[in-house]
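Worksheet: one structure, shown below.
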Amino acid sequence: MTSLGKMVPYLFKMMMKKTDTVLYPSVEAKVPDKFRGSLKFCPEKCVGCKLCERVCPADAIVIEKIADKQYKAIVRMDKCIFCGQCVDTCNKDALENTAFFELASGDKASLEVEI
Amino acid sequence: MSKMIVPLGPQHPALEEPESFTLMLEGERVAAATVALGYNHRGMEKAAESRTYVQNIYLLERICGICSHSHSTCYVQTVEALAGAEVPKRAQYIRALIGELERIHSHLLWLGIAGHEIGFMTLFMYAWKDREIVMDILEMLTGNRINYGMNMLGGVRRDITPEQGQKVLEALDALEERTEYYKNVILQEQTVAIRTLGVGRLSREDGLRLGATGPVLRAAGVVKDIRKDDPTEVYNELDFKVATDEHADVYGRTVVRVTELMESYHMIRQILRQIPDGPLSVKVPNRIPAGEAAARYEAPRGEDFHYTRSNGTDKPERVKVRAPTLANLAAITHMIDGGFLADVPIVIAAIDPCFSCTDRMVRVKDASSGRDDVWNWDKLRQYSIEWHKKRGQDLGYRI
Ligand code: SF4
Ligand code: SF4
């Protein structure tokens, strides 16, 4: 037999519990250990092979030579999908995903950054 | 009785996805219904031809935000078949684990949406609250809540530690208890019974004739599941039942999905018990040998199909995707026919549609001459920019 209000007892029970949502951004949001956030570049390790550039599915990373054996990485944060494929592909461990994710910006140009 | 034609969609016909239904009404009843698709063509198959096999994993994973792992697994299976790569057992188990977790999150999401469509908002709120348990688990294992990025050609990218396995088991206990609760709510709550029993009927014969798939077909009593019919090695080693029901209506589809949730918990426990040690991947070359391969995968919404043709380079010559919603679309109009107008949203929602994953082509027709026209990418893009500009939206496109 069916009847109405089957979830009502549960609702009363839940009224005694604290809320499940958090007041982000006034409360800090936690991300897991292996979260794939914005990228970090280690210029000492990079050998300029540009494998990361070639593998990137979003065309988001560019490695530029600044001097002999010195490179810088420029990432278009608006294009990057934070897949971490560049990190996996780099044989020299020069790239890394960080836990940082608060990248929103009102100015698109500011999303092109040297990391 | 006079007839009236009511357009439903393309904006938000039942869910926040574009699809256009035209309903011919006789009073409150739908006398005839048609569906028009093609509102969210994203050109993914074409885009796949200009990307490498590795890049395509990420592209094709984004066909669907919910069955993302289904699409990427189905695609990598075709490429691995072409390359003759033998995926290590451990990697296959991890793929199956993520696949079943994805099914859990998808079915809980659907349960909430079904509650929302029948005006049972309490069910919607709490089902989604409990869905967060599995979302947290997926985030812990893969690093992302959706678009997990677990697959690579030849295996998986991340391992699972025993501690993580333990956390998954704890989460399963909580989820199982909650699912048992929802099962009772569905079976005993009058709101659910009144709004779903006998609504959107699709008989066994019609389901098979119209090519329906997934829970929609299983709710009509057809035992059809790729995990049983065309299993990978892992599913062969798991003990599970294909959930079916005889109601053949929205109620039956609800029961099937909830039963599948229970089966998935059962399967994940086995996966975690049986998962062998070993490597996570084998090497797959950048250039894939020429040939063609197809793969099937039981996504939460039904059978997903991928086809890849290689010409020996590092980019595929052709990629073809058939998402499960396309298979169920033909059945939708049949299910709406003869029903009440007020039931249309829940009938549409009951196939668990993903309209945006479905569209594979658009046909451009010159309105004045009626002739087909071929537009290249630049022309389409220019048209889109001007269309938005005319409406005062300069999206500031950058090449
Ligand atoms: S793959 Fe690594 S080493 Fe090569 S260019 Fe990129 S960051 Fe540098
Ligand atoms: S994380 Fe992915 S999208 Fe972003 S730069 Fe690296 S490869 Fe490209």
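For the record, the sequence lines run as chains R and V.
Using the numbering used here, read the first sequence as starting at -19 and increasing by one per residue.
Using the numbering used here, read the second sequence as starting at 11 and increasing by one per residue.
Heads up, the beta-carbon is just placed ideally off N, CA and C, and yes, glycines get one too.
Length of the line joining the Cα atoms of residue i and residue j
i                   : j                   : result
Met57 of chain R    : Gly75 of chain V    : 20 Å
Met(-5) of chain R  : Val(-12) of chain R : 11 Å
Pro310 of chain V   : Lys25 of chain R    : 43 Å
Met162 of chain V   : Gly312 of chain V   : 23 Å
Tyr68 of chain V    : Glu38 of chain V    : 45 Å
Gly64 of chain R    : Met135 of chain V   : 33 Å
Asp404 of chain V   : Ile395 of chain V   : 8 Å
Ala57 of chain V    : Tyr(-10) of chain R : 49 Å
Ile409 of chain V   : Lys330 of chain V   : Below a pLDDT of 50, predicted positions are generally treated as unreliable, and Ile409 of chain V, at 42, falls in that range; the measurement from the model is reported next regardless. Cα to Cα, the separation comes out at about 27 Å.
Ser(-17) of chain R : Asn194 of chain V   : 12 Å
Ala253 of chain V   : Pro289 of chain V   : 33 Å
Phe31 of chain V    : Ile196 of chain V   : 29 Å
Tyr261 of chain V   : Val357 of chain V   : 10 Å
Arg401 of chain V   : Arg167 of chain V   : 45 Å
Phe130 of chain V   : Ala229 of chain V   : 22 Å
Local conformation of residue i per DSSP, three classes
i                   : result
Ile8 of chain V     : One cannot answer for residue 8 of chain V here, as it falls past the ends of chain V, which runs 11 to 409.
Asn161 of chain V   : strand
Ile409 of chain V   : Residue confidence is low: Ile409 of chain V scores 42 on pLDDT, short of 50, so the model does not pin down where it sits. No coordinate-derived value is stated.
Ser320 of chain V   : strand
Arg56 of chain R    : strand
Ala305 of chain V   : strand
Asn246 of chain V   : helix
Thr343 of chain V   : helix
Gly217 of chain V   : helix
Leu121 of chain V   : helix
Asp314 of chain V   : strand
Tyr49 of chain V    : coil
Ser(-17) of chain R : strand
Ser78 of chain V    : helix
Leu83 of chain R    : coil
Residue span of the beta strand (DSSP E) that contains residue i, given as start and end
i                 : result
Arg328 of chain V : Pro326 to Arg332
Lys13 of chain V  : Lys13 to Leu18
Thr44 of chain V  : Arg39 to Ala46
Ser30 of chain V  : Ser30 to Glu36
Phe21 of chain R  : Leu19 to Phe21
Leu75 of chain R  : Leu75 to Asn77
C-beta neighbour in chain V for residue i, strict 7 Å
i                   : result
Val35 of chain R    : yes
Val93 of chain R    : no
Pro12 of chain R    : yes
Cys63 of chain R    : yes
Arg16 of chain R    : yes
Leu75 of chain R    : no
Thr(-18) of chain R : yes
Asp39 of chain R    : no
Asp0 of chain R     : yes
Met(-13) of chain R : yes
Residue-chain proximity (residue i, chain R), Cβ-Cβ < 7 Å
i                 : result
Gln174 of chain V : no
Gln65 of chain V  : yes
Gln200 of chain V : yes
Ala4 of chain V   : The structure shown does not extend to residue 4 of chain V, since chain V is modelled only from 11 to 409, so the question has no answer here.
Tyr245 of chain V : no
Tyr410 of chain V : The displayed coordinates of chain V run from 11 to 409. Any statement about residue 410 of chain V would go beyond what the structure contains.
Val226 of chain V : no
Gly75 of chain V  : no
Glu149 of chain V : yes
Gly159 of chain V : yes
Gly153 of chain V : yes
Val195 of chain V : yes
Lys139 of chain V : yes
Tyr68 of chain V  : yes
Glu187 of chain V : no
Thr88 of chain V  : no
Ile409 of chain V : Note that Ile409 of chain V scores 42 on pLDDT, short of 50, meaning its location in the model is unreliable; the coordinates nonetheless yield the value given after this. Judged by the 7 Å Cβ criterion, Ile409 of chain V is not in contact with chain R.
Ala203 of chain V : yes
Thr132 of chain V : yes
Endpoints, alpha helix (DSSP H) assigned at residue i
i                  : result
Arg279 of chain V  : Val260 to Gln284
Ile43 of chain R   : Where Ile43 of chain R is concerned, there is no enclosing alpha helix (DSSP H), although the beta strand (DSSP E) it sits in stretches over Ile41 to Ala47.
Val144 of chain V  : Met131 to Thr152
Phe(-8) of chain R : Val(-12) to Met(-5)
Val357 of chain V  : Val354 to Ala359
Cβ-heavy atom distance, residue i to ligand 4, below 6 Å
i                : result
Ala38 of chain R : By its list of ligands, the structure shown excludes ligand 4, since it contains just ligand 1 and ligand 2.
- Task: Count the CB pairs spanning the segment 230 to 249 of chain V and the segment 329 to 336 of chain V that are closer than 8 Å, and state whether there are at least three.
- Result: no
- Message: Quick test of the definition: if touching needs 3 or more C-beta pairs under 8 Å, does the segment 76 to 92 of chain R touch the segment 43 to 60 of chain R?
- Response: yes
- Query: Does the segment 201 to 216 of chain V come close enough to the segment 341 to 348 of chain V that 3 or more CB-CB pairs lie under 8 Å?
  - Reply: yes
- Task: Take every Cβ of the segment 25 to 37 of chain R, pair it with every Cβ of the segment 66 to 79 of chain R, and state whether three or more of those distances are shorter than 8 Å.
- Result: A contact exists between the segment 25 to 37 of chain R and the segment 66 to 79 of chain R.
- Three or more C-beta pairs closer than 8 Å, one from the segment -5 to 4 of chain R and one from the segment 39 to 53 of chain R: is that the case here? no
- the segment 274 to 282 of chain V in contact with the segment 182 to 190 of chain V per 3-pair CB rule at 8 Å: yes
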